[in-house]
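Number of protein chains: 2
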Amino acid sequence: MSENSGSLLQLDSEHIQRAADILKTVAHPARLRIIDFLESGEQSVAQICKYLEAPQPFISHQLNLMKAKGILCSRREGNQVFYEVANRSVIEVIYCVRRHGHNNEACGAVSERE
Amino acid sequence: MSENSGSLLQLDSEHIQRAADILKTVAHPARLRIIDFLESGEQSVAQICKYLEAPQPFISHQLNLMKAKGILCSRREGNQVFYEVANRSVIEVIYCVRRHGHNNEACGAVSERE
DNA sequence: TCTATATATAGCGATAATGACATATAGTCA
DNA sequence: TGACTATATGTCATTATCGCTATATATAGA
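Chains A and B, in that order, give the protein sequences.
Residue numbering for the first sequence follows this note's numbering, starting at 8 and increasing by one per position.
Residue numbering for the second sequence follows this note's numbering, starting at 8 and increasing by one per position.
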């Protein structure tokens with residue numbers, strides 16, 4: 008009855024849309040590096056800026072994007088704001104992609120042409 | 008010395024870029040559904056079109072995008088072309104995202120506002 | 001209150017992704 | 001060869017994303 012008959016991942020359209028949304032948000036070099044940096048624990052905006060060597064408004068924007076998607080959460084302490092990864096499973100996603108990269112390097116599966 | 012000191016995921020800029028690229032390609036409802044559909048094995052373009060109820064040029068475009076990134080691979084048989092997932096780790100990525108979705112549903116971590 | 005610091009938001013031009021459509025190519029069979 | 005089926009490609013308007021700059025807000029301390 009459902010549109011996903013035959014789907015082993017059991018993704019209905021709602022889950023699909025949500026998954027695409029999360030993935031799209033993570034699929035950005037700066038945001039990946041931020042998540043990577045936060046993997047070891049929370050960091051202030053200033054520390055993240057320093058680590059990525061990027062302007063503060065840019066970082067703030069990326070942080071807010073990820074926070075809006077529930078990927079990060081934040082905590083204010085004085086006039087600093089600390090961000091951390093809200094859900095470890097996002098880290099897992101990146102691990103998977105990294106593993107994918109390695110597998111592909113190994114077998115040279117990147118074929119741009121036929 | 009490297010730019011990723013402190014990074015536990017050990018992603019250098021090359022890997023970061025590649026990971027972002029893969030994720031960006033996967034981060035699309037139609038492409039997610041295609042991967043989902045192909046999870047159980049190869050399918051022809053026509054079968055994928057039927058499953059997604061989408062026009063053939065649209066599906067072909069999505070398939071070619073994913074093939075170019077090494078996510079899918081294809082095989083011609085007569086005048087049909089069969090596509091399959093080139094690397095199981097992409098499936099893992101989707102599993103992770105799905106798990107992420109579930110975790111977030113459970114704890115209601117999606118906070119659009121402060 | 002004023003000032004300094006830390007962070008967030010708004011506006012904008014450039015660029016890229018999306019999806020629809022028309023058309024081209026490849027293979028099969030008569 | 002020609003007709004037919006299956007798939008791929010090109011064009012294009014719309015929309016979304018990107019990253020920069022200027023500015024706004026929030027907090028702390030004097």
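The beta carbon of each residue, even a glycine, is placed where N, CA and C say it ideally should be.
Quick caveat, the model's predicted, so the values are computed rather than measured.
Buried or exposed by the 16-neighbour rule on C-beta atoms within 10 Å, applied to residue i
i, result
"A:Gly-134", "Outside the displayed range of chain A (8 to 121) lies residue 134 of chain A, so it cannot be described from this structure."
"B:Phe-65", "exposed"
"B:His-22", "buried"
"B:Ala-34", "buried"
"B:Lys-74", "buried"
"A:Ala-107", "It should be noted that the sequence gives His, not Ala, for residue 107 of chain A. Classification for A:His-107: buried."
"A:Ala-26", "buried"
"A:Ser-20", "exposed"
"A:Arg-83", "exposed"
"B:Gln-87", "exposed"
"B:Gln-63", "exposed"
Any C-beta of chain B under 8 Å from that of residue i
i, result
"A:Val-97", "yes"
"A:Leu-39", "yes"
"A:Ile-55", "no"
"A:Asn-86", "no"
"A:Val-52", "no"
"A:Leu-70", "no"
"A:Gln-24", "yes"
"A:Val-92", "no"
"A:Ile-101", "yes"
"A:Asp-19", "no"
Residue i at chain A interface by Cβ criterion, 8 Å
i, result
"B:Arg-106", "yes"
"B:His-35", "yes"
"B:Ala-61", "no"
"B:Leu-45", "no"
"B:Ile-29", "yes"
Residues of its chain near residue i, where Cβ-Cβ distance is below 6 Å and the 5 sequence neighbours each way are ignored
i, result
"B:Glu-60", "none"
"A:Ile-101", "none"
Cut-off 7 Å between Cβ atoms - residues of its own chain near residue i, not counting five sequence neighbours on either side
i, result
"A:Phe-44", "Gln-50, Ile-55 and Tyr-58"
"A:Arg-40", "Leu-59"
"B:Asp-28", "Lys-76"
Contact set for residue i: own chain, Cβ-Cβ below 8 Å, skip 5 residues either direction
i, result
"A:Leu-72", "Thr-32 and Arg-38"
| request: Return the chain-ordered ranges of every alpha helix (DSSP H) run that is complete within the region 16 to 79 of chain A and spans a minimum of 4 residues. | output: Listed in chain order, they are 20 to 33, 36 to 45, 52 to 59 and 63 to 75.
request  = Examine the Cβ distances between the region 83 to 97 of chain A and the region 46 to 58 of chain A and report whether three or more of them are shorter than 8 Å.
outcome  = Here the region 83 to 97 of chain A lies against the region 46 to 58 of chain A, with 3 or more beta-carbon pairs under 8 Å apart.
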